[in-house]
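Q:
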Amino acid sequence: MKISGLLKKISAAAFLLPAAVSAAPAEEVLPNVIVVIADDLGYGDVSAYGSSLKTPNFDRLAENGLRFTRGYAASATSSPSRYGLLTGIYPWRGRVDVLPGDSPLIVPTDKPTVATMFRSRGYATAAVGKWHLGLGKGNSDWNKFVSPGPNDIGFDRSFIMAATNDRVPCVYFSDGYVVGLDPADPIRVSYRKNFPGEPTGKTHPELLKLHPSPNHGHDGSIVNGVSRIGFMKGGNAARWVDEEMADVLSAKAHEFIRENKDRPFFLYYALHQPHVPRVPAPEFAGKSGLGPRGDVILEADAQVGALLDLLEKENLSEKTIVIFTSDNGPVLNDGYADDAVRLAAARGY
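Here the sequence shown stands for residues -23 to -1, 1 to 326, numbered as in mature numbering (1 follows the signal peptide of the UniProt record, and there is no 0).
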């Protein structure tokens, strides 16, 4: 949506309010709203704000929209930041901290959220991507329907990872069910101890394609050649492939938009980049010259570009507000030896 059109809608709404009692309101046109939230991306990572790494699609939003240069996260880390965004509640009021992957849902199901407010106005709603706000009531059986979750706090549809891409369980959830789970190979998850006989990054480093850096806890279960925080056993058919994650999440976001293009919709689209482990799709590997961190930022930029292109193709650009943000500022060394710090310094980044 062009800014001029958005401002006209805001102005019209402001002028209509005093007359609402005495005059019948004009037919309301509800804009679509998409919130895209990156993970561990700093404003200095975007070329619109001076980065040497070119991010043309992030820049499209900056050039054609409003830049909020004094927007702050009240608690600038993953779970608390997302909690505040979706609930409007200061995270410290709920004593919200960064959650393990087996945490229960921390968002109250009896309080309003952004999603419930949109849904009350007739919007279709969906959450796609990183969740990290807990699922279930604690000690969840991942082999059954897991609730409460996104669908219990205002989202009609959800396709998410339970926590982060460096934490178990390393599977996708669609509307409360693990995607692609083989009942004969059930999932078990623990954040306390490993399961007997299961290799970890600590015991079997020869199985790794990406090695953990010391003292970050990324030496647990090995999934797709990457050791994670925590331990899991089983669910092999359902485990994600890191290199495919961007395409998988993009496809789900696009599917929701296409299915709801004839009605107002709200999409909460939570990217996994540039959070660790940084494992880009092959077409982005080595592309940035800044190592895996730069590569996955380019991958995220391409995801945003594909989203904007889809809106144009479906004639939705003029009726859709796209908000792009990040959960917190930049992180370089966060658990894996991917050379991000050295390469950034060498490039003066």
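Every residue gets a Cβ at the ideal spot worked out from N, C-alpha and C, and that includes glycine.
Small disclaimer: the values here were computed from a predicted structure and weren't measured.
Taking all protein chains shown into account, decide if S198 is buried (16 or more other Cβ within 10 angstroms of its Cβ) or exposed.
A: With 16 or more Cβ atoms within 10 Å of its Cβ, S198 is classed as buried.
Q: Residues in its own chain within less than 6 Å of E291 by CB, not counting five upstream and five downstream?
A: Excluding positions up to five away in sequence, the list reads K238.
Q: Taking Cβ to Cβ, would you say V145 is nearer than 8 Å to M209?
A: Contact: yes.
Q: Report, in whole angstroms, the separation of the C-beta atoms of P85 and D74, which I expect to be a contact under 8 Å.
A: Their Cβ separation, rounded to whole angstroms, is 16 Å, which puts P85 and D74 out of contact at 8 Å.
Q: For a test of the three-state rule: what should DSSP assign to F136, helix, strand or coil?
A: F136 falls in the strand class under three-state DSSP.
Q: At what residues does the alpha helix (DSSP H) containing R144 begin and finish?
A: Run containing R144: none; DSSP gives neither H nor E here.
Q: Please go through the same chain and pick out, in chain order, the residues whose beta-carbon is closer than 6 Å to the beta-carbon of F150, but skip the five residues on each side of it.
A: Correct list, in chain order: I137.
Q: Can you find a heavy atom of the ligand ZN that lies under 7 Å from the Cβ of I14?
A: As far as ligands go, the structure on display features none, and thus does not contain the ligand ZN.
Q: Roughly how many whole angstroms lie between the Cα atoms of D286 and E175?
A: Roughly 44 Å separates the two Cα atoms.
Q: Report yes if the CB atom of D311 is closer than 8 Å to the CB atom of P269, and no otherwise.
A: It is not a contact, given that the beta carbons lie outside the stated cut-off.
Q: Output needed for R216: all residues of its chain with C-beta closer than 8 Å, excluding positions within five of it in sequence on either side, in chain order.
A: Excluding sequence neighbours, R216 sits near C147, V148, V200 and N201.
Q: Roughly how many whole angstroms lie between the Cα atoms of R165 and D118?
A: The straight-line gap from Cα to Cα measures roughly 8 Å.
Q: Who are the Cβ neighbours of D196 in its own chain at under 7 Å, not counting the five residues just before and after it?
A: Correct list, in chain order: T177, G178, K179, P189 and S204.
Q: Contact defined as beta carbons within less than 8 Å: I believe I234 pairs with L244. What is the distance between those atoms, to the nearest angstrom?
A: Sure, about 7 Å apart at Cβ, within 8 Å.
Q: Going by C-alpha distance, which of V23, K264 and A321 is nearest F301?
A: Ranking V23, K264 and A321 by Cα distance to F301 puts V23 first.
Q: Whole angstroms is fine: what's the gap from G126's alpha carbon to L110's?
A: G126 and L110: Cα-Cα distance of roughly 8 Å.
Q: Enumerate in chain order the residues of its own chain whose CB-to-CB distance from Y20 is below 7 Å, with the five nearest sequence positions on each side excluded.
A: Excluding residues within five positions, the ones whose Cβ falls inside 7 Å are Y26.
Q: Taking the continuous beta strand (DSSP E) assigned at L244, which residues delimit it?
A: Residues F242 to A247.
Q: Entirely within the region 52 to 88 and at least 4 residues each: give me those alpha helix (DSSP H) ranges in chain order.
A: Whole alpha helix (DSSP H) segments, 4+ residues: 55 to 64.
Q: Here's the rule: buried if 16 or more other CB atoms are within 10 angstroms of the residue's CB, otherwise exposed. What is G325?
A: Label assigned to G325: exposed.
Q: Just to confirm my understanding: we take V(-3), look at its own chain, exclude 5 residues before and 5 after, and list those with CB closer than 6 Å. What are they?
A: Note that V(-3) scores a pLDDT of 41, beneath 50, so its modelled location is shaky and nothing firm can be said.
Q: Please go through the region 195 to 282 and give each complete beta strand (DSSP E) segment of 3 or more residues, from N-terminal end onward.
A: Runs of the beta strand (DSSP E) inside the region 195 to 282: 208 to 210 and 242 to 247.
Q: Roughly how many angstroms lie between the CA atoms of residue 337 and L275, to the nearest whole one?
A: Nothing can be reported for residue 337, as the shown portion of the chain is limited to -23 through 326.
Q: Once the 5 residues before and after G115 are set aside, which same chain residues still bring their CB inside 7 Å of it?
A: Within the same chain, G115 has close Cβ partners P81.
Q: In angstroms, rounded to a whole number, what distance separates the CA positions of A279 and M222?
A: Going from the Cα of A279 to the Cα of M222 covers about 13 Å.
Q: Here's the rule I'm using: 16 or more other beta-carbon atoms within 10 Å means buried, otherwise exposed. How should F242 be labelled?
A: It is buried - the Cβ of F242 has at least 16 other Cβ atoms within 10 Å.
Q: For H181, count the other beta carbons within 10 Å of its own beta carbon; 16 or more makes it buried, fewer makes it exposed. Which is it?
A: It counts as exposed.
Q: For K(-16), count the other beta carbons within 10 Å of its own beta carbon; 16 or more makes it buried, fewer makes it exposed. Which is it?
A: With a pLDDT of 37 at K(-16), under the threshold of 50, the modelled position of that residue is not reliable, and the figure given next carries that caveat. So K(-16) counts as exposed.
Q: Quick one: measure Cβ to Cβ for N128 and G106, integer angstroms, because I've assumed they're closer than 8 Å.
A: Wrong, their Cβ atoms sit about 15 Å apart, outside the cutoff.
Q: Under a three-way DSSP split, which group does A37 fall into?
A: According to the sequence displayed, residue 37 carries Arg and not Ala. DSSP places R37 in helix when its eight states are reduced to three.
Q: Taking D36 as the reference, which of N305, A323 and G282 has the closest Cα?
A: Nearest option by C-alpha distance: G282.
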